[in-house]
Structure formats: structure tokens, C-alpha cells
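Since the structure comes first, as C-alpha cells, the remarks are kept for the end.
Number of protein chains: 2
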Amino acid sequence: MTPIQLTPRQKKIVEIVKRSGPITGELIAKEVNLTRATLRPDLAILTMSGILDARPRVGYFYSGKSAGSLLVEEIRRMRVKDLKSVPVVVREETSVYDAIVTLFVEDVGTLIVVSEGGFLEGVVSRKDLLKVTIGQNDVRQVPVNMAMTRMPNIIITTMDETIHLAAAKLIEHQVDALPVVRKIINDQGLEKLEVVGRITKSNITQLFVELGEDK
Amino acid sequence: MTPIQLTPRQKKIVEIVKRSGPITGELIAKEVNLTRATLRPDLAILTMSGILDARPRVGYFYSGKSAGSLLVEEIRRMRVKDLKSVPVVVREETSVYDAIVTLFVEDVGTLIVVSEGGFLEGVVSRKDLLKVTIGQNDVRQVPVNMAMTRMPNIIITTMDETIHLAAAKLIEHQVDALPVVRKIINDQGLEKLEVVGRITKSNITQLFVELGEDK
Numbered sequence: 001m002t003p004i005q006l007t008p009r010q011k012k013i014v015e016i017v018k019r020s021g022p023i024t025g026e027l028i029a030k031e032v033n034l035t036r037a038t039l040r041p042d043l044a045i046l047t048m049s050g051i052l053d054a055r056p057r058v059g060y061f062y063s064g065k066s067a068g069s070l071l072v073e074e075i076r077r078m079r080v081k082d083l084k085s086v087p088v089v090v091r092e093e094t095s096v097y098d099a100i101v102t103l104f105v106e107d108v109g110t111l112i113v114v115s116e117g118g119f120l121e122g123v124v125s126r127k128d129l130l131k132v133t134i135g136q137n138d139v140r141q142v143p144v145n146m147a148m149t150r151m152p153n154i155i156i157t158t159m160d161e162t163i164h165l166a167a168a169k170l171i172e173h174q175v176d177a178l179p180v181v182r183k184i185i186n187d188q189g190l191e192k193l194e195v196v197g198r199i200t201k202s203n204i205t206q207l208f209v210e211l212g213e214d215k
Numbered sequence: 001m002t003p004i005q006l007t008p009r010q011k012k013i014v015e016i017v018k019r020s021g022p023i024t025g026e027l028i029a030k031e032v033n034l035t036r037a038t039l040r041p042d043l044a045i046l047t048m049s050g051i052l053d054a055r056p057r058v059g060y061f062y063s064g065k066s067a068g069s070l071l072v073e074e075i076r077r078m079r080v081k082d083l084k085s086v087p088v089v090v091r092e093e094t095s096v097y098d099a100i101v102t103l104f105v106e107d108v109g110t111l112i113v114v115s116e117g118g119f120l121e122g123v124v125s126r127k128d129l130l131k132v133t134i135g136q137n138d139v140r141q142v143p144v145n146m147a148m149t150r151m152p153n154i155i156i157t158t159m160d161e162t163i164h165l166a167a168a169k170l171i172e173h174q175v176d177a178l179p180v181v182r183k184i185i186n187d188q189g190l191e192k193l194e195v196v197g198r199i200t201k202s203n204i205t206q207l208f209v210e211l212g213e214d215k
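Residue numbers (the UniProt record's numbering), protein chains in the order written: chain E, 1 to 215; chain P, 1 to 215.
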């Protein structure tokens with residue numbers, strides 16, 4: 001990842017600083033047989049792009065960052081609240097049949113199961129529903145809570161978590177979607193998880209497409 | 001996306017060039033009440049990062065690129081062959097029941113249906129399979145080709161297509177996976193599509209996670 005194409009001279013400077021840093025601008029200039037003034041724009045670019053660091057009375061040293069690592073920081077800065085979709089929810093007593101209909105009508109891959117007040121009870125995927133339908137069940141009689149994943153096995157995220165971490169959870173736990181929750185303490189002092197959104201592999205793919213577009 | 005943090009002075013210069021470009025360095029210097037020499041490092045950074053372009057005897061003009069657009073080029077350079085997974089395939093005569101079992105055993109979301117020789121015949125998703133199972137069908141009797149999408153409705157990709165374009169197809173056509181195909185002309189002079197891989201939203205999400213990791 002190199003968002004900035006360095007010139008051969010700039011690459012040479014990076015090599016010198018990697019090898020001999022911390023090193024003053026004067027000494028770098030001497031090594032490349034140019035004046036300090038000539039090098040000033042190059043050194044400015046290298047420090048502003050974060051490839052080199054400079055400290056007064058010490059000189060230049062190599063930050064260990066590639067030019068691409070600032071992009072990395074950008075990717076890691078985005079938050080779930082900037083990307084989340086609305087959650088598509090059903091109630092626990094919904095039948096598997098009605099849950100499947102909701103899946104098609106809302107055109108989603110994962111349903112979030114909630115209790116009254118919108119609190120997280122479960123998550124049900126297309127595979128969970130397929131498993132029930134190929135069993136010998138009457139899917140109009142079986143409630144969706146027979147097919148869903150429950151806490152503590154639901155992988156969740158929150159509004160302030162980074163999208164990068166949410167994406168890593170999707171991959172690590174091999175799920176297509178995470179409910180975005182807000183923690184609430186109810187009247188009895190119990191912690192409840194209010195469902196406020198969802199993050200899916202589609203969201204991440206969409207973001208990847210946007211990152212690659214010229215704006 | 002700004003891998004380079006511009007200083008307020010550099011931002012001001014960009015604004016001036018956006019408004020009045022093409023404009024000479026002298027005129028920019030005049031507008032900000034500084035000498036041409038003082039501005040030289042700023043102008044060097046802005047042109048080298050690709051934000052401004054400069055032409056001899058014309059002056060500076062705004063390139064329309066953000067500092068991030070070089071990253072954009074990096075994202076757009078990656079190819080399907082660098083990322084693809086192996087395809088998970090079934091034959092047309094496979095029953096819907098056996099297709100669902102394959103889905104669970106291979107732990108994938110989409111199956112690619114092939115004829116003898118591994119040529120593309122169809123694609124079948126979890127939703128396609130769900131639709132059959134909630135109908136009044138005996139899924140051990142129904143062949144998978146009754147549930148699959150066929151050409152010309154299958155969205156495909158090739159080894160040399162960019163991952164960015166493949167990701168855009170996933171989003172635009174709202175599918176979870178694309179078969180990666182190689183075009184073959186058979187003995188009869190007919191074009192056939194040999195299935196050589198698949199690209200999924202999981203692949204893109206995984207790539208996003210890797211892009212955000214410090215290497």
C-alpha cells in the first residue's frame with residue numbers, strides 16, 4: 001500500500017535515515033551531495049506523510065510507518081455508527097414460516113429476534129432456517145426461537161466500536177451480520193441490550209466499493 | 001480519505017487553486033502574503049501528493065484527486081485471481097436435499113452448479129433453497145436445477161477482473177457470491193464457461209480486515 005509514489009531521491013533519503021537515523025538534515029544532504037535547501041521539500045513530504053519523524057536537535061528518524069499505514073489509520077478510525085443498517089426484527093413467538101417470509105420481504109440474510117421494547121433475544125440466519133425446514137417440522141407451528149442463536153453465543157457490536165473490529169468479528173465467527181446494541185440498565189438493575197442496528201458483510205463490501213471510487 | 005494531513009496553509013492554497021486555477025506560484029504567494037520561496041515546500045507536497053498538478057508556463061491547477069486517490073488506485077489494482085476461493089460445486093441432477101447438505105458440510109452460502117467437465121450451468125443461494133423447502137415439495141425428489149439461477153442471469157467474474165469491480169457487482173446485483181470463470185471454446189466452436197473459483201462478500205470483508213491491519 002503506497003498512496004504516495006516516492007521519487008528515487010526520497011527513497012534514497014528513507015534508506016539513509018533507516019540505516020543511520022536519527023540523523024540531521026545536513027548530514028543527509030551531505031550523503032546525497034545536495035544542499036539542505038534542495039532537500040527541504042523532500043524532507044517535508046517524508047515527515048508530513050508520516051514516513052519520517054523529526055525531532056528538534058535530534059534529527060530525522062524512521063517512523064516504521066509505510067505511507068500506506070496512514071490509510072490503515074483511516075480505515076481503523078471509522079465507527080459502526082457511520083455505516084450501520086436498520087435492524088430487521090421479529091418477535092420470539094413468530095413462526096419459522098413467517099420469519100422466512102420476512103426474510104424475503106425485507107430482503108435480508110439475518111433476522112434479529114427481540115422481546116417487547118426491542119431488546120435482543122436472538123439472531124436467526126438463513127442456515128438456521130434451512131436446518132428447520134429440512135427437518136420433519138411444520139414450519140408454521142415451530143416458533144423462530146427454536147431455531148435462533150441466543151446469548152451468550154450472539155456476536156454483537158456497539159455504535160462506537162470500529163468498523164474494522166466489527167468486520168474482524170464477522171470473519172472470525174463466520175457470521176453474516178452482527179446486531180448493533182446499546183446497553184441499558186432496566187428498573188430491576190438488570191443489563192438489557194437494546195437493538196439499534198445491524199452490520200453485515202454487505203455493508204463492508206459496499207464500503208470497500210466506496211473506498212475504491214474516485215470522489 | 002486523507003492519508004496526508006494538510007496544514008491550514010496547504011488547505012488555503014488548495015482552495016485558491018480550486019477557485020482561480022490555473023494560477024502561477026507567484027499569484028498564489030501574493031494571495032497568502034508570503035514569498036514564493038516560503039510556499040515552495042507546500043506546493044511541492046501538494047503536487048507530489050497528486051492534489052495539484054503543475055504545468056510549465058501555465059501554473060498550478062486542481063487535479064480533482066484527493067490525497068487518498070492514490071490509495072484508491074491501489075485498491076483498484078488488485079485482481080480476482082489474488083483473492084478467489086475454491087468453488088464448491090454440485091451437479092444439476094443433485095437433489096435440493098443433497099445440495100443443502102453440501103452447503104452445511106462445505107460451510108458456504110452459495111453453490112455453483114456445473115455440468116460434466118466443470119462448466120457453469122447455474123448458481124444456487126441459501127434463499128433459492130429456502131424458497132423450495134417452504135413450498136410443498138419433497139426436497140429429496142426435486143433436482144437443484146429447479147431452484148438455480150441460469151445464464152444469462154448469472155453474474156460472473158474472471159481472473160483478471162479487479163476485485164473492486166467484482167465487489168461492485170456483488171452490491172449492484174445483491175448476490176453473495178460470483179463464480180470466477182474462464183472462457184473456453186469447445187470442439188463444436190461453442191463458448192463454455194469453466195468454473196475456476198468464487199468470490200464472496202466474505203472474501204471482500206476478509207480483505208478489508210487485512211487492509212486495516214498493521215503489517
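Don't be surprised by glycine CBs; every beta carbon is placed ideally from N, CA and C.
Burial state of residue i, where buried means 16 or more other Cβ atoms lie within 10 Å
i                      : result
residue 167 of chain E : buried
residue 136 of chain P : exposed
residue 107 of chain E : exposed
residue 121 of chain P : buried
residue 109 of chain E : buried
residue 198 of chain E : buried
residue 38 of chain P  : exposed
residue 176 of chain P : buried
residue 126 of chain E : buried
residue 14 of chain P  : buried
residue 129 of chain P : buried
residue 208 of chain E : buried
residue 10 of chain E  : buried
residue 67 of chain P  : Any reading at residue 67 of chain P must be qualified, since the residue scores a pLDDT of 46, below 50, and its modelled position is unreliable; no value is offered.
residue 50 of chain E  : buried
residue 139 of chain P : buried
residue 82 of chain E  : exposed
residue 34 of chain P  : exposed
residue 190 of chain P : exposed
residue 187 of chain P : exposed
Contacts of residue i in chain E (Cβ-Cβ under 7 angstroms)
i                      : result
residue 168 of chain P : 209
residue 57 of chain P  : The contacting residues do not exist; residue 57 of chain P stays about 21 angstroms from chain E at best.
Proximal chain E residues relative to residue i, where beta-carbon distance stays under 9 angstroms
i                     : result
residue 44 of chain P : 40, 41, 42, 44 and 45
Residues that DSSP places opposite residue i in a beta bridge
i                      : result
residue 192 of chain E : E/184
residue 198 of chain P : P/85 and P/179
residue 54 of chain E  : E/60
residue 119 of chain P : P/115 and P/194
residue 143 of chain E : E/95
residue 150 of chain P : P/122
residue 28 of chain P  : In DSSP, residue 28 of chain P forms no bridge with anything.
residue 23 of chain E  : E/60
residue 79 of chain P  : P/162
residue 283 of chain P : Given that chain P is displayed from residue 1 to residue 215, the structure contains no residue 283 of chain P and the question cannot be resolved.
residue 102 of chain E : According to DSSP, residue 102 of chain E bridges with nothing at all.
residue 90 of chain E  : E/113
residue 157 of chain P : P/180
Residues that residue i contacts on chain P, provided the C-beta gap is smaller than 8 angstroms
i                      : result
residue 75 of chain E  : 208, 211 and 212
residue 171 of chain E : 202, 205, 206 and 209
residue 221 of chain E : An answer regarding residue 221 of chain E cannot be provided, because it is not within the stretch 1 to 215 covered by chain E.
Under 9 angstroms by beta carbon: chain P residues contacting residue i
i                      : result
residue 204 of chain E : 201, 204, 205, 208 and 209
Listed by chain order, chain P residues near residue i by CB distance under 7 angstroms
i                     : result
residue 18 of chain E : Here the premise fails: no neighbours, minimum Cβ distance about 16 angstroms.
Residue i and residue j closer than 8 angstroms at C-beta
i                      : j                      : result
residue 180 of chain P : residue 114 of chain P : no
residue 90 of chain E  : residue 142 of chain E : no
residue 205 of chain P : residue 185 of chain E : no
residue 80 of chain P  : residue 159 of chain P : yes
residue 145 of chain P : residue 92 of chain P  : yes
residue 201 of chain E : residue 201 of chain P : yes
residue 45 of chain E  : residue 44 of chain P  : yes
residue 25 of chain E  : residue 61 of chain E  : no
residue 147 of chain P : residue 132 of chain P : yes
residue 23 of chain P  : residue 59 of chain P  : yes
residue 36 of chain P  : residue 29 of chain P  : yes
residue 212 of chain P : residue 76 of chain E  : yes
residue 103 of chain E : residue 156 of chain E : no
residue 78 of chain E  : residue 163 of chain E : yes
residue 111 of chain P : residue 88 of chain P  : yes
residue 170 of chain P : residue 178 of chain P : yes
Residues that residue i contacts on chain E, provided the C-beta gap is smaller than 8 angstroms
i                      : result
residue 112 of chain P : Going along chain E, no residue has its Cβ under 8 angstroms from residue 112 of chain P, so there is no contact; the nearest lies around 17 angstroms.
Proximity test, residue i beta-carbon vs the ligand NAD heavy atom, cut-off 7 angstroms
i                      : result
residue 187 of chain P : Summarising the ligand content, the structure contains no ligands, and the ligand NAD is consequently not present.
Contact set between the region 130 to 161 of chain P and chain E, restricted to residues whose Cβ is under 7 angstroms from the partner: 130, 133, 134 and 139
Contact set between the region 86 to 100 of chain E and chain P, restricted to residues whose Cβ is under 8 angstroms from the partner: Those residues of the region 86 to 100 of chain E that come within reach of chain P (Cβ to Cβ, closer than 8 angstroms) are 97 and 100.
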